[in-house]
Amino acid sequence: AVRDCQKNHKAGLASFRNKNETRIVGLENAWIGGRYKQNAWKFISNDVIISDHTDSNTLYPPWYLNRTTQRGGCLVLDRHIANEAVFIETSCNRRKSYICSKSISETPDKLSRFIDKIEYTLYYTKQTWDEAFETCLSQNGTLAKVTREVIHSLVQMMGEEDYEVYHVWIGGRLDERGMDFKWVEDNEIITKQTGGIDYYPPWYDVEFNTKYPCLNMDRENHNRPIFYGVDCSRAQEFICEQSKYEYFTSYEYGSAQKRFPDNLVHYLNILYFIYFTVWYV
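Printed below as a string of structure tokens:
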């Protein structure tokens, strides 16, 4: 089924971003792009982790019995055993119908929001950390300093539009000793204190590695922020914060001219192909 989606339809086995999308295409029993690998359920098309439990507010992911019960196999979308479409784990070598999906979109350039009177801009163009820093600087800003007060608003910003983002560069950099991350805006040390999902800073791990000196923020399970260091040469989306100062000189760069926000219009749809020819995943 994976090969057929790719070869014949230039698509992937279907992935879903929310409960509404599963309702639209739910069948009695069909393969979708979920597979258990590297100790987690993931959509194979984009490597996004599928939470083990159904969120009580969003009702996503729609696991049968509200949680996964297996640690292996592949996923089907099924309407037969429940009133609505649910995810069910099963062996990957069974023959079933399958659902392919692909994005049909004009990728937006950026999205701007004001949070506590500060403008934050999410850029959808993928750049390295240093390229992202230069881009922010050219717009009279810096890579965002993600504080306790704004972190959840920024995570929401990453997912509130049709074009969703799961990893972004933010304005943290590991010091030369490999001991502490600092915000490049003001050289403030980002504390290592953490204590769980709802604590700040939301470190994945506080044992830092100088091979991964640039700070990334993940949006896990649609609403949970996570900080960790990444190789600076990786290209990904990023968030700029408009400078609160007339000039910005932190890190090793100079100043820039003031920018005014642009209006943003973009469109994105997901096209689902439903195939009744049975196939293995």
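When we follow our numbering, the leftmost residue of the sequence shown carries the number 46, and every step to the right adds one. Cβ atoms here follow ideal geometry from the backbone N, Cα and C, with glycine treated the same way.
Item to check | Opening and closing residue of the beta strand (DSSP E) in which residue 164 lies | outcome: Here residue 164 is taken as the residue at index 119 of the sequence shown, counted from 1. Looking at the DSSP string, the run of the beta strand (DSSP E) that includes residue 164 is 163-172.
Item to check | Cβ separation of residue 271 and residue 165, assumed to be a contact under 8 Å, to the nearest whole Å | outcome: Here residue 271 refers to the residue found at position 226 when the sequence shown is read from its first residue. Here residue 165 refers to the residue found at position 120 when the sequence shown is read from its first residue. Wrong, their Cβ atoms sit about 18 Å apart, outside the cutoff.
Item to check | Proximity of residue 135 and residue 121 at Cβ, strictly below 7 Å | outcome: Locating residue 135 in the sequence shown gives position 90, where the first residue counts as 1. Locating residue 121 in the sequence shown gives position 76, where the first residue counts as 1. Taking 7 Å as the cut-off, the beta carbon of residue 135 is found closer than this to the beta carbon of residue 121.
Next on the checklist: Rounded to the nearest angstrom, what separates residue 47 and residue 68 at their Cα positions?
Outcome noted: Here residue 47 is taken as the residue at index 2 of the sequence shown, counted from 1. Here residue 68 is taken as the residue at index 23 of the sequence shown, counted from 1. Here the C-alpha atom of residue 47 lies approximately 22 Å from the C-alpha atom of residue 68.
Checklist entry - If we call anything under 7 Å between Cβ atoms a contact, is residue 89 one with residue 80? => result The sequence position of residue 89 within the sequence shown is 44, counting from 1. The sequence position of residue 80 within the sequence shown is 35, counting from 1. The answer is yes: Cβ separation under 7 Å.
Next on the checklist: Am I right that residue 126 and residue 143 are in contact with their C-beta atoms under 8 Å? What's the rounded C-beta distance?
Outcome noted: The residue you call residue 126 lines up with position 81 of the sequence shown. The residue you call residue 143 lines up with position 98 of the sequence shown. Taking C-beta atoms under 8 Å as the contact rule, residue 126 and residue 143 fail to qualify, at a distance of about 18 Å.
Item to check | Paired residues, beta bridge with residue 187 - DSSP | outcome: Translated into the one-based positions of the sequence shown, residue 187 becomes position 142. Residue 187 pairs with 286.
Next on the checklist: In the DSSP output, which residue or residues are listed as bridge partners for residue 142?
Outcome noted: Position 97 of the sequence shown holds residue 142. Residue 142 pairs with 75.
Next on the checklist: Relative to the C-alpha of residue 60, which candidate in 200, 106, 194 has its C-alpha closest?
Outcome noted: Position 15 of the sequence shown, counting from 1, holds the residue named residue 60. Nearest neighbour of residue 60 by Cα position, chosen from 200, 106, 194, turns out to be 106.
Item to check | Anticipated Cβ contact below 8 Å, residue 147 with residue 204, distance rounded | outcome: Taking the first residue of the sequence shown as position 1, residue 147 is located at position 102. Taking the first residue of the sequence shown as position 1, residue 204 is located at position 159. About 20 Å separates the beta carbon of residue 147 from that of residue 204, a gap too long to meet the 8 Å contact definition.
Next on the checklist: Nearer than 6 Å: is that true of the beta carbon of residue 144 relative to any heavy atom of the ligand MN?
Outcome noted: Within the structure as shown, the ligand MN is missing, as the structure has no ligands at all.
Item to check | Sequence-distant residues of its chain with Cβ nearer than 8 Å to residue 287 (five each side left out) | outcome: By 1-based counting over the sequence shown, the position of residue 287 is 242. Excluding residues within five positions, the ones whose Cβ falls inside 8 Å are 163, 164, 165, 166, 184, 185, 186, 304.
Checklist entry - From this set, 269, 226, 51, which residue's C-alpha is nearest residue 251's C-alpha? => result Counting from one through the sequence shown, the residue named residue 251 turns up at place 206. Here the closest residue by C-alpha is 226.
Checklist entry - Would you call the CB atoms of residue 215 and residue 189 closer than 7 Å? => result Position 170 of the sequence shown, counting from 1, holds the residue named residue 215. Position 144 of the sequence shown, counting from 1, holds the residue named residue 189. The beta carbons of residue 215 and residue 189 sit closer together than 7 Å.
Checklist entry - Just the Cα atoms here: how many angstroms apart are residue 194 and residue 276? => result Taking the first residue of the sequence shown as 1, we reach residue 194 at position 149. Taking the first residue of the sequence shown as 1, we reach residue 276 at position 231. Between residue 194 and residue 276, the alpha-carbon positions lie close to 27 Å from each other.
Checklist entry - How big is the Cα-Cα spacing for residue 62 and residue 160? => result Along the sequence shown, one-based indexing puts residue 62 at 17. Along the sequence shown, one-based indexing puts residue 160 at 115. Our two residues, residue 62 and residue 160, have alpha carbons roughly 25 Å apart in a direct line.
Checklist entry - By Cβ distance below 8 Å, which residues in the same chain neighbour residue 171 in space, the five residues on each side in sequence not counted? => result As a position in the sequence shown, residue 171 is number 126, starting the count at 1. Counting only Cβ-Cβ distances below 8 Å, and skipping sequence neighbours, we find 280, 281, 282.
Checklist entry - Could you give the residue range of the beta strand (DSSP E) that holds residue 70? => result The residue given as residue 70 occupies position 25 in the sequence shown. From DSSP, residue 70 is part of no beta strand (DSSP E) but of the alpha helix (DSSP H) over 64-70.
Item to check | C-alpha gap between residue 54 and residue 66, whole angstroms | outcome: Taking the sequence shown and counting its residues from 1, the one referred to as residue 54 is at position 9. Taking the sequence shown and counting its residues from 1, the one referred to as residue 66 is at position 21. Those two C-alpha atoms are separated by around 20 Å.
Next on the checklist: Give me the residue from 76, 202, 262, 219 with the minimum Cα distance to residue 124.
Outcome noted: Locating residue 124 in the sequence shown gives position 79, counting from the first residue. Distances from the CA of residue 124 to each of 76, 202, 262, 219 were compared; the closest alpha carbon is that of 76.
Checklist entry - Does the beta-carbon of residue 101 have 16 or more other beta-carbons within 10 angstroms, so that it is buried, or is it exposed? => result In the sequence shown, the residue the question calls residue 101 occupies position 56. Exposed, since its Cβ has fewer than 16 Cβ neighbours within 10 Å.
Checklist entry - Rounded to the nearest angstrom, how far is the Cβ of residue 263 from that of residue 208, given a contact under 8 Å? => result Looking up residue 263 in the sequence shown gives position 218. Looking up residue 208 in the sequence shown gives position 163. About 17 Å separates the two Cβ atoms, so there is no contact after all.
Item to check | Length of the line joining the Cα atoms of residue 220 and residue 274 | outcome: Along the sequence shown, one-based indexing puts residue 220 at 175. Along the sequence shown, one-based indexing puts residue 274 at 229. Their backbone Cα atoms lie some 12 Å apart in a straight line.
Checklist entry - Does the Cβ of residue 230 have 16 or more other Cβ atoms within 10 Å, making it buried, or fewer, making it exposed? => result Reading the sequence shown from its first residue, position 185 is the one you call residue 230. Counting Cβ neighbours within 10 Å, residue 230 comes out buried, since at least 16 surround it.
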